[in-house]
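>
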Amino acid sequence: MNAARQTVLSIDLNHPGRYIHWGVIQISVANLVVIALMIALFVAALLLPFPGPRRSR
Amino acid sequence: MTATNTRRAHRAADGTDAAAWTGPKRSYDLVKEFVIALVVVVALTVALAAVFSSPDEKQITLGQWANAAPSDFLATAAAELDGTSGTASYGAPYTHDPGAAQKIGPIAPQNWPGVTTPVNTAQDFVVRPLQGASGDADLRAALAQWTSAGSDQQQTWASGFDEALTKAGGDPTKITQGGYGPVPLMLTKLLRLAQSGGLDGALLAQGHFYQTDYTKPLLFLADGTYLEDRSVAQHLGGDQWGMMNETGNYPGQAWLWLYTFWYQIKPFSTSGNADALVWALMMVLTLAFVFVPFIPGLRSIPRLIPIYRLVWRRYYRDLEMRT
Amino acid sequence: MTPDVQVDPKGWTAWLRHRAVRSFPPEQLMPDEQPAYVASWIYVFGVFTVAALIVVIGTGVILSMEGPVWWHVSGVGHYVNSTHLWSVELFMAFMVVHLWGKFFMAAWRGKRALTWITGAVAFVASVGAAFTGYLTQQNLDSQWIAAEAKDGLNSVGIGAYFNVLDFGQMLMWHIVLLPLVLGLLVVVHVLLVRRHGVVPPLPAGSQANQAQVPEQEAGSRP
Chain A
474 MNAARQTVLS IDLNHPGRYI HWGVIQISVA NLVVIALMIA LFVAALLLPF
524 PGPRRSR
Chain B
4 MTATNTRRAH RAADGTDAAA WTGPKRSYDL VKEFVIALVV VVALTVALAA
54 VFSSPDEKQI TLGQWANAAP SDFLATAAAE LDGTSGTASY GAPYTHDPGA
104 AQKIGPIAPQ NWPGVTTPVN TAQDFVVRPL QGASGDADLR AALAQWTSAG
154 SDQQQTWASG FDEALTKAGG DPTKITQGGY GPVPLMLTKL LRLAQSGGLD
204 GALLAQGHFY QTDYTKPLLF LADGTYLEDR SVAQHLGGDQ WGMMNETGNY
254 PGQAWLWLYT FWYQIKPFST SGNADALVWA LMMVLTLAFV FVPFIPGLRS
304 IPRLIPIYRL VWRRYYRDLE MRT
Chain C
14 MTPDVQVDPK GWTAWLRHRA VRSFPPEQLM PDEQPAYVAS WIYVFGVFTV
64 AALIVVIGTG VILSMEGPVW WHVSGVGHYV NSTHLWSVEL FMAFMVVHLW
114 GKFFMAAWRG KRALTWITGA VAFVASVGAA FTGYLTQQNL DSQWIAAEAK
164 DGLNSVGIGA YFNVLDFGQM LMWHIVLLPL VLGLLVVVHV LLVRRHGVVP
214 PLPAGSQANQ AQVPEQEAGS RP
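Chains as they are written, first to last, in the working numbering: chain A, 474 to 530; chain B, 4 to 326; chain C, 14 to 235.
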């Protein structure tokens with residue numbers, strides 16, 4: 474596969490996908506992680522204090 | 004507040020919101036912000052690519068299909084010859100069959116452009132590739148018998164063999180001989196051609212040298228069950244939210260969640276018109292998304308779910324301190 | 014230019030220059046200040062989306078130098094493909110967070126509807142660009158996506174003109190048409206933001222008093 478780039482730090486995602494079933498919803502763990510990260514990013518952006526204003530007037 | 008007063012107040016607010024800001028300002032370095040963003044994105048990209056790489060499940064050739072699942076290949080080829088395959092009975096844009104089109108209520112937009120990519124499955128998928136590879140005398144004789152017969156006779160042979168093959172569980176050796184003309188030999192030769200790798204080139208080239216259009220090989224491949232089986236095993240099937248998914252453990256296209264969602268629920272999941280209905284619905288929803296500013300109710304949600312209070316909390320605090 | 018040469022003040026060039034400078038005075042095109050209310054991390058997602066798009070295009074340019082087969086046969090090529098994939102994931106993630114922020118700020122207010130519209134259409138174009146990318150990977154994924162997508166597109170008549178089974182067409186849409194359209198949309202979108210400025214805050218009690226005219230700073234009305 475990608476032998477030239479295989480390092481100790483690489484994580485092989487080529488194994489059979491893990492899926493979560495919840496009623497009619499089926500979602501891959503990978504997609505769930507991405508969506509969770511996006512929501513976390515959104516919430517963090519709203520809550521984290523922004524550097525103080527340097528008033529220009 | 005009456006509706007008129009509310010509209011008037013909204014228009015007044017809109018005029019105020021459009022005016023150039025003359026209130027307090029802060030210094031804000033846009034170019035520096037952009038450069039930092041670019042550096043961060045490059046760093047993240049380089050790191051993510053190094054750690055996780057990207058998926059590359061090998062393509063399926065017709066040769067691999069014919070070797071891995073010869074019964075499925077043969078059954079598909081038989082269906083192409085007798086016009087019962089998915090492609091042969093598809094309708095526009097491949098074949099002339101207005102009744103085959105999906106409908107949205109009374110209308111069938113599938114038919115409107117007509118047959119723009121004509122496919123004759125018997126000719127394109129079976130006869131022409133065999134004619135290009137007719138090295139042996141038996142095959143030449145079989146092809147001569149086929150092409151000199153009338154279309155009714157061809158249909159009788161092909162349908163008969165297709166049904167017999169189905170009854171025999173896909174195993175041609177179990178078929179009791181009888182009245183299929185040159186069809187059994189033609190299809191067996193097609194299987195051998197495919198297994199040797201010759202059909203891939205023949206279906207793609209269609210007599211040309213340069214070619215970048217994979218319509219015919221892909222339609223043929225998709226008519227069988229092998230491609231679908233391999234894809235469903237990777238959770239890419241239509242009723243598995245497959246549109247969102249990627250092979251292996253990779254994240255897929257999460258942004259397609261609403262497109263694929265409708266296919267999972269009734270009435271779409273049990274409808275023969277699911278594609279047309281879902282795509283028409285998504286076009287309407289996309290228009291609603293694009294024109295949110297003009298849709299009452301939808302455009303009021305930000306006021307009802309006051310996330311904005313977090314965004315502008317410092318401004319509101321400063322305003323309160325000053326007044 | 015010698016002093017006695019006649020310059021036509023009504024020429025196309027002068028007209029265009031005047032229009033451009035009037036619409037976007039340099040201090041407005043590249044300001045070094047913003048209204049004081051631009052003080053939240055939510056505001057960085059627009060520029061992060063643009064930055065990610067630049068990385069998507071840059072990695073795509075590298076892939077285009079070697080052609081569509083390279084990444085299947087070369088370790089370096091596969092790595093570049095991976096950078097292209099992950100920059101796309103980042104691009105879509107940042108764009109959607111930007112979209113969430115802008116929706117909940119009702120950022121279309123104050124004659125900024127076109128800013129919202131160009132952004133929304135850019136999102137749709139991005140989905141299309143990603144889709145054609147997946148179609149042209151030339152692996153199992155592409156084969157299946159093409160086989161499935163054709164049904165959706167054919168059912169509404171689009172498939173007759175946009176043939177997802179035609180690798181050549183899909184590749185050209187992916188590397189030429191859609192990047193151009195998307196690029197144009199992004200440029201117009203950003204220029205609109207510079208033109209109209211960042212949308213002011215909703216009035217503080219908005220959800221309770223929907224009809225209230227918002228207060229600007231005292232003495233700030235022109």
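Positions of the beta carbon are idealized from the N, C-alpha and C atoms, including for glycine.
Report the CB separation of His97/C from Val63/C in whole angstroms; it is logged as a contact under 8 Å.
Actually they do not touch by this definition, with Cβ atoms about 17 Å apart.
> Quick one: what's Ser501/A bridged to in DSSP?
Its beta-bridge partners are Tyr492/A.
> Examine the Cβ distances between the stretch 132-151 of chain C and the stretch 79-94 of chain B and report whether three or more of them are shorter than 8 Å.
Taking 8 Å as the limit for Cβ pairs, the verdict is that the stretch 79-94 of chain B does not touch the stretch 132-151 of chain C.
> Within 9 Å of any Cβ in chain A, is that where the Cβ of Trp99/C sits?
Not an interface residue.
> Could you have a look at Ser53/C and say whether DSSP puts it in helix, strand or coil?
The answer is coil: DSSP assigns Ser53/C none of H, G, I, E or B.
> Buried or exposed, going by whether 16 or more other CB atoms sit within 10 Å of the CB of Ala231/C?
Because Ala231/C carries a pLDDT of 36, less than 50, the predicted location of this residue cannot be relied on, and the following value inherits that uncertainty. When all chains shown are included, Ala231/C counts as exposed.
> Please classify Pro121/B as buried or exposed, where buried requires at least 16 neighbouring CB atoms within 10 angstroms.
Pro121/B is exposed by the Cβ-count criterion.
> For Ser239/C, count neighbouring Cβ atoms within 10 angstroms of its own Cβ and tell me buried if that reaches 16, exposed if not.
The displayed coordinates of chain C run from 14 to 235. Any statement about residue 239/C would go beyond what the structure contains.
> So if I threshold CB-CB distances at 8 Å, which residues from the stretch 107-134 of chain C count as touching chain A?
Within the stretch 107-134 of chain C, the qualifying residues are Val109, Val110, Trp113, Gly114.
> Flag this pair as yes or no: are the beta carbons of Gln134/B and Gly86/B separated by less than 9 Å?
Cβ atoms of Gln134/B and Gly86/B: not closer than 9 Å.
> What residues in its chain sit with their C-beta under 8 Å from that of Ala148/B, if we drop five residues either side in the sequence?
It should be noted that the sequence gives Gln, not Ala, for residue 148/B. Excluding positions up to five away in sequence, the list reads Gly184, Pro185.
> Rounded to the nearest angstrom, what separates Leu66/C and Val201/C at their Cα positions?
Computed Cα separation, rounded: 15 Å.
> Looking only at its own chain, which residues have a Cβ that is under 6 Å from the Cβ of Pro101/B, when we skip the five neighbours before and after it?
Cβ neighbours of Pro101/B beyond the five flanking positions: Asn114.
> Which residues bound the beta strand (DSSP E) around Lys106/B?
Premise fails: Lys106/B is in no beta strand (DSSP E) and is neither H nor E.
> Can you pull the chain B residues whose beta carbon is under 7 Å from the beta carbon of Gly141/C, in chain order?
Residues of chain B passing the Cβ test: none, with the nearest at roughly 11 Å.
> On the three-state DSSP scale, how would you describe Glu60/B?
Reduced to three states, the DSSP call for Glu60/B is coil.
> With distance defined between alpha-carbon atoms, name the residue in Thr326/B, Leu313/B, Asp321/B nearest to Leu521/A.
If we check each option's Cα against that of Leu521/A, Leu313/B comes out closest.
> Show which residues of chain A have a CB atom less than 8 Å away from the CB atom of Trp244/B.
Simply Ile498, Gln499, Ile500.
> What does the Cβ neighbour count give for Phe212/B, buried or exposed, with the cut at 16 atoms within 10 Å?
Result: exposed.
> Who pairs with Lys28/B in a beta bridge, going by DSSP?
DSSP lists Pro48/C as partners of Lys28/B.
> Could you work out which residue in Ala171/B, Asp32/B, Asp165/B, Tyr217/B is closest to Val177/C when comparing CA atoms only?
If we check each option's Cα against that of Val177/C, Tyr217/B comes out closest.
> Could you name the residues of chain C that Glu83/B contacts, counting a contact when the two beta carbons are closer than 8 Å?
None at all; the shortest Cβ gap to chain C is about 15 Å.
> Would you check if the distance between the CB atom of Trp24/B and the CB atom of Pro213/C is smaller than 9 Å?
Yes, these two residues count as a Cβ contact at 9 Å.
> Taking only three categories from DSSP, how would you classify Gln3/B?
Limits of chain B in this structure are 4 at one end and 326 at the other, which puts residue 3/B out of reach.
> Can you grab the Cα-Cα spacing for the pair Trp129/C / Val49/B, in whole Å?
Rounded to whole angstroms, Trp129/C to Val49/B spans 31 Å at the Cα level.
> Output yes or no for whether 9 Å exceeds the beta carbon distance between Trp244/B and Gln214/B.
Contact flag unset, no.
> Am I right that Val110/C and Phe58/C are in contact with their C-beta atoms under 8 Å? What's the rounded C-beta distance?
Contact holds; Cβ gap of about 5 Å.
> Could you work out which residue in Pro58/B, Arg29/B, Pro112/B, Thr273/B is closest to Ala279/B when comparing CA atoms only?
Measuring from the Cα of Ala279/B, the nearest candidate turns out to be Pro112/B.
> For His29/B, count neighbouring C-beta atoms within 10 Å of its own C-beta (all shown protein chains included) and say buried if the count is 16 or more, exposed if not.
The sequence given here places Arg at residue 29/B; His does not occur at that position. Buried: at least 16 other Cβ atoms inside 10 Å.
> Would you mind stating whether Pro82/C and Gln156/C have Cβ atoms separated by less than 9 Å?
As written in the sequence, residue 82/C is Val, which differs from the Pro given in the question. Going by C-beta atoms, Val82/C is not nearer than 9 Å to Gln156/C.
> Is the distance from the Cβ of Asp382/B to the Cβ of Arg122/C below 9 Å?
Since the first residue shown for chain B is 4 and the last is 326, residue 382/B is missing from the structure and cannot be characterised.
> If you follow the alpha helix (DSSP H) that Thr98/B is part of, which residue opens it and which one closes it?
Run containing Thr98/B: none; DSSP gives neither H nor E here.
> On the three-state DSSP scale, how would you describe Ala64/C?
In the structure shown, Ala64/C sits in a helix (DSSP, three-state: H, G or I).
> Report buried or exposed for Trp28/C, applying the criterion of at least 16 other Cβ atoms within 10 angstroms of its Cβ.
Label assigned to Trp28/C: exposed.
> Spatial neighbours of Gly173/B within its chain, please: CB distance less than 8 Å, with the 5 preceding and 5 following residues excluded, ordered by chain position.
The answer, listed in chain order, is Ser74, Asp75, Leu77, Ala78.
> Within its chain, find whatever has a CB closer than 7 Å to the CB of Gln198/B; leave out the 5 residues flanking it on each side and keep chain order.
Within the same chain, Gln198/B has close Cβ partners Gly66, Ala69, Asn70.
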